[in-house]
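So the sequence shown is numbered by full-length UniProt numbering: it starts at 1 and just counts up by one.
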Amino acid sequence: VKYLPPYSPDLTPIEESFSCLKAHIRRHAAEIRQQEDAVIELMEATSCVTAEKAYGWFKHAGYIFE
1 VKYLPPYSPD
11 LTPIEESFSC
21 LKAHIRRHAA
31 EIRQQEDAVI
41 ELMEATSCVT
51 AEKAYGWFKH
61 AGYIFE
C-alpha cells in the first residue's frame, strides 16, 4: 500500500496534461490571437498530449508498475 497526500499536483496526471496544454498555448499565443476561430487552434493544442506522455505521467504518479 502506497499512501499519498490528499491532493498532490505533482502526482496527478491531469495536472501534467494541463501543463502541457498551457505551455503549447503560451508558445503559440500570437497565432491563436490571429485566428478567427480560436477553438480550432485550441483543438490543435491537444495534440501535445500524446499516448507516450500520458503513459509517462501515469507511471510518474505511481499508477503503473513494471
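Virtual Cβ for every residue (Gly too), placed ideally from N, Cα, C.
- Counted as a single uninterrupted DSSP element, the alpha helix (DSSP H) harbouring residue 39 occupies residues 38-45.
- DSSP places residue 55 inside the alpha helix (DSSP H), whose first and last residues are 51-61.
- Annotation for residue 24: the continuous alpha helix (DSSP H) segment containing it runs 13-27.
- In terms of Cα proximity to residue 44, the closest of 28, 56 and 61 is 28.
- Here DSSP, grouped into helix, strand and coil, assigns residue 34 to helix.
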